[in-house]
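Q: Have a look at this one.
Residue numbers (the working numbering): 58 to 416.
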């Protein structure tokens, strides 16, 4: 009975994690799905939280024990076996998201990690998702600075002195100068940090939230690039054509863009440039661009001249002009970009300077 009870709880978690993958692909928010499911009195809200996987001793051990007991008696408990498989995949999810964001620039990057224990209130790290994330990031050449209120010594005992792994004495110290923050354990103090201090200390305001602690809309309004679990967005990769599907928001180190429309010889995008960010200094050989400002006060540079823009202003970037855009303001700047030309692929970008190392 104990095996069955814990396997049922594990099944609820893995089911929600499966749904979170669907949510990311159809543009739904798993938190809204959870609210709807949990409102059904036959189901309730307990163990319906999507995240980066479960750990500990009871759920993994008892789920595997139930599956093994079934096999020993000539029966394959397929759902029970799948639950463990889904959980192992989910533990790898944050690492895959971080890798997708940084791509070939991941080696050498410093990732702050909040939370080491498998759940808050303990230093128990048996099966903790943090272990899978640390191992993956180190294997990719990234550096990790980890903080946990009580589990640092337990983690040190498990992993030893690993090249690229260091420990912080506070959550603030962990993020100081880091290229991104990954949240793995939902300790209460992580739910309401000083976001202003977080913005100042992170080298890039990127958060990978493995426990869906924050609202995506609120985080974007604060200027963060925020990626949760099943929150209705994915980190999109270039599909090779340079023409991105209408309605898909594609995230870049400087902000994001969204395809608004496309056709023969043209493409329309909405650009969102975060405060203080700058696009690369670049030019195009086969297209011209028209920018119209819809919010914020960006500065456009065109062939060495700077143009301060306000809402409603527009500027033409002729074919071959060396250009970039910068947002010196305190709020995100949004522009509508119309591209016209015989070829609109991303490989028509010739970069001269880039603060993100892509030149």
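No residue lacks a Cβ here, since even glycine has one placed at the ideal position from N, Cα and C.
Leaving out five residues on either side along the sequence, give the residues of the same chain with a beta carbon under 8 Å from the beta carbon of residue 126.
A: Taken in chain order, the residues that qualify are 60.
Q: Should residue 331 and residue 311 be called a contact, given that it needs their Cβ atoms to be closer than 8 Å?
A: Against a cut-off of 8 Å, the Cβ pair of residue 311 and residue 331 comes out as a contact.
Q: Using the Cβ count rule (16 or more neighbours within 10 Å means buried), how would you classify residue 231?
A: The residue in question, residue 231, is buried, as its Cβ has 16 or more Cβ neighbours within 10 Å.
Q: Using three-state DSSP, classify residue 358 as helix, strand or coil.
A: Three-state DSSP puts residue 358 in a strand.
Q: So, at 7 Å on beta carbons, what are the nonlocal neighbours of residue 235 in its own chain, with the 5 sequence-adjacent residues on each side left out?
A: Closer than 7 Å at the Cβ level, and outside the excluded window around residue 235, lie 167, 168, 169, 202, 259, 260.
Q: Do you know offhand how far residue 63's Cα is from residue 116's?
A: The straight-line gap from Cα to Cα measures roughly 5 Å.
Q: Which of helix, strand or coil does DSSP assign to residue 173?
A: Reduced to three states, the DSSP call for residue 173 is coil.
Q: For residue 338, write down the residues that DSSP places opposite it in a beta bridge.
A: Bridge partners of residue 338: 410.
Q: Do you know how far the Cα of residue 183 is from the Cα of residue 58?
A: Roughly 23 Å between the two C-alpha positions.
Q: Report buried or exposed for residue 253, applying the criterion of at least 16 other Cβ atoms within 10 angstroms of its Cβ.
A: It counts as exposed.
Q: By DSSP's criteria, residue 187 is part of a beta bridge. Which residues make up the other side?
A: DSSP lists no partner for residue 187.
Q: Please report the Cβ distance between residue 336 and residue 394, rounded to the nearest whole angstrom; I am assuming they are in contact, meaning their Cβ atoms lie under 8 Å.
A: Actually they are not in contact, since the Cβ atoms of residue 336 and residue 394 sit about 11 Å apart, beyond 8 Å.
Q: Is the beta carbon of residue 240 closer than 8 Å to that of residue 322?
A: Not closer than 8 Å, so no.
Q: So residue 289 and residue 80 are in contact, right, with Cβ under 8 Å, and what is the actual spacing, rounded?
A: Sure, about 6 Å apart at Cβ, within 8 Å.
Q: What does the Cβ neighbour count give for residue 384, buried or exposed, with the cut at 16 atoms within 10 Å?
A: Buried, since its Cβ has 16 or more Cβ neighbours within 10 Å.
Q: Can you tell me the Cβ-Cβ gap for residue 366 and residue 374, rounded? I've got them flagged as a contact below 8 Å.
A: At roughly 12 Å, the Cβ-Cβ gap does not stay under 8 Å, so residue 366 and residue 374 are not in contact.
Q: Tell me the rounded alpha-carbon separation between residue 204 and residue 389.
A: Going by the C-alpha atoms only, they are around 30 Å apart.
Q: Can you give me the C-alpha to C-alpha distance between residue 358 and residue 237, rounded to a whole angstrom?
A: Between residue 358 and residue 237, the C-alpha separation is close to 29 Å.
Q: Measure the C-alpha to C-alpha separation of residue 307 and residue 313 and round it to an integer number of angstroms.
A: About 5 Å.
Q: Indicate the three-state DSSP secondary structure (helix, strand or coil) for residue 319 in the structure shown.
A: If DSSP states are grouped into helix, strand and coil, residue 319 belongs with the strands.
Q: State buried or exposed for residue 294, treating a residue as buried only when at least 16 other CB atoms are found within 10 Å of its CB.
A: Residue confidence is low: residue 294 scores 42 on pLDDT, short of 50, so the model does not pin down where it sits. No coordinate-derived value is stated.
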